[in-house]
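Residue numbers (this note's numbering): 1174 to 1446.
For each residue, glycine too, the CB sits at the ideal point set by N, CA and C.
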């Protein structure tokens, strides 16, 4: 197969544990783009927290793309313009706030390049470190959110959040997309929006076929794109149930798992032509 696009989750996939890209992986992805392959960064992260990685990979130069907020936004890196965007209404966000109170879970969202929360908590601190975004603490979450937002997070101890996830996926079915990106992060976007549906939207615009796409990830919010892609790849450090669904399991994020896929399925095949 002549693959034309490779779609990458960031945390625990493209990025090592220190949130850097290994030299081998960087070289492989630059070489793939030079050969005409589109590289797409697909993350639950806000766009703001992905742009420095896009810059390092030279996505602007090669006309590649960012799928941020779990696919709720698609950015053309060459123009820095959104080609797709979905949002949650303020009323929906307020509903999620009241649900978070019922479930005794923390909640935050994003406005601009800031994280908005009503209460200080360790999980929002983790998100701030990962994204580099400033935390803004407000007196009233409901009063603060009066405009549409792209995504909302609920956060709690992983064991508790598993139960909350199952309950809310059933309760909010057809109203919102509900998925975990990390064991302690439960993410909410507009109904029907995930990395898989956004990827489908993108390849339709580019004239790329489903079977010509490789998607690599490690967590539950990657499942939609892994099952959608012609070659769905799970990282060696992925959850076991993700590995069982994937077409291929690569090495870990600490051992050049992404580079090994790019080399084996793209670069080595191009060299053989």
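Problem set entry | contact_flag[the segment 1344-1361, the segment 1377-1384] where n(CB pairs < 8 Å) is 3 or more | Taking 8 Å as the limit for Cβ pairs, the verdict is that the segment 1377-1384 does not touch the segment 1344-1361.
Exercise. Should residue 1232 and residue 1206 be called a contact, given that it needs their Cβ atoms to be closer than 9 Å?
Worked result: Going by C-beta atoms, residue 1232 is nearer than 9 Å to residue 1206.
For this session: For residue 1211, collect the residues of the same chain with a Cβ closer than 8 Å to its Cβ; drop the 5 residues on either side in sequence, then sort them by chain order.
Result: By the criterion of a C-beta distance shorter than 8 Å, residue 1211 is surrounded in its chain by 1177, 1178, 1179, 1235, 1236, 1237, 1238, 1379, 1381, once the five residues flanking it on both sides are discounted.
Exercise. So, do the segment 1247-1255 and the segment 1294-1306 have three or more beta carbon pairs nearer to each other than 8 Å?
Worked result: The segment 1247-1255 vs the segment 1294-1306: no contact.
For this session: Helix, strand or coil for residue 1321, going by three-state DSSP, please let me know.
Result: Here DSSP, grouped into helix, strand and coil, assigns residue 1321 to coil.
For this session: Report yes or no: do the segment 1406-1414 and the segment 1193-1203 share at least 3 C-beta pairs separated by less than 8 Å?
Result: Put simply, the segment 1406-1414 does not touch the segment 1193-1203. Fewer than three CB pairs are less than 8 Å apart.
For this session: Using the Cα positions of residue 1222 and residue 1277, report the straight-line distance between them to the nearest angstrom.
Result: So the alpha carbons of these two residues sit roughly 28 Å apart.
Exercise. Does the segment 1263-1271 touch the segment 1296-1311, meaning 3 or more C-beta pairs lie closer than 8 Å?
Worked result: Flag = no, the segment 1296-1311 and the segment 1263-1271 do not touch.
Exercise. To which residues of the same chain is residue 1393 closer than 6 Å at the C-beta, ignoring the five residues directly before and after it?
Worked result: The answer, listed in chain order, is 1352, 1353.
Exercise. The beta strand (DSSP E) spanning residue 1204 covers which residue range?
Worked result: Secondary structure note for residue 1204: it is in no beta strand (DSSP E), and the uninterrupted alpha helix (DSSP H) holding it is 1196-1207.
Problem set entry | Check whether residue 1244 and residue 1215 have beta carbons under 9 Å apart | Taking 9 Å as the Cβ cut-off, residue 1244 and residue 1215 qualify as a contacting pair.
For this session: Taking the CB atoms as reference points, tell me whether residue 1372 and residue 1388 lie closer together than 9 Å.
Result: Yes, they are a contact pair.
Problem set entry | Same chain, Cβ closer than 6 Å to residue 1449, neighbours up to 5 away in sequence not counted | Residue 1449 cannot be examined here, being either before or after the span of the chain that is shown, 1174 to 1446.
Exercise. Among 1417, 1441, 1290, which residue has its Cα nearest to the Cα of residue 1318?
Worked result: Comparing Cα-Cα distances from residue 1318 to each of 1417, 1441, 1290, the minimum goes to 1290.
Exercise. Mind pulling the beta strand (DSSP E) runs of 3 or more residues that sit fully within the segment 1364-1392?
Worked result: Whole beta strand (DSSP E) segments, 3+ residues: 1386-1390.
Exercise. If we count the other Cβ atoms within 10 Å of its Cβ and call it buried at 16 or more, is residue 1229 buried or exposed?
Worked result: By the 10 Å Cβ count, residue 1229 comes out exposed.
Problem set entry | Sequence-distant residues of the same chain with beta carbon closer than 8 Å to residue 1195, five excluded per side | When the five nearest sequence neighbours on each side are left out, the beta carbons in the same chain lying within less than 8 Å of the beta carbon of residue 1195 are those of 1189, 1429, 1432, in order along the chain.
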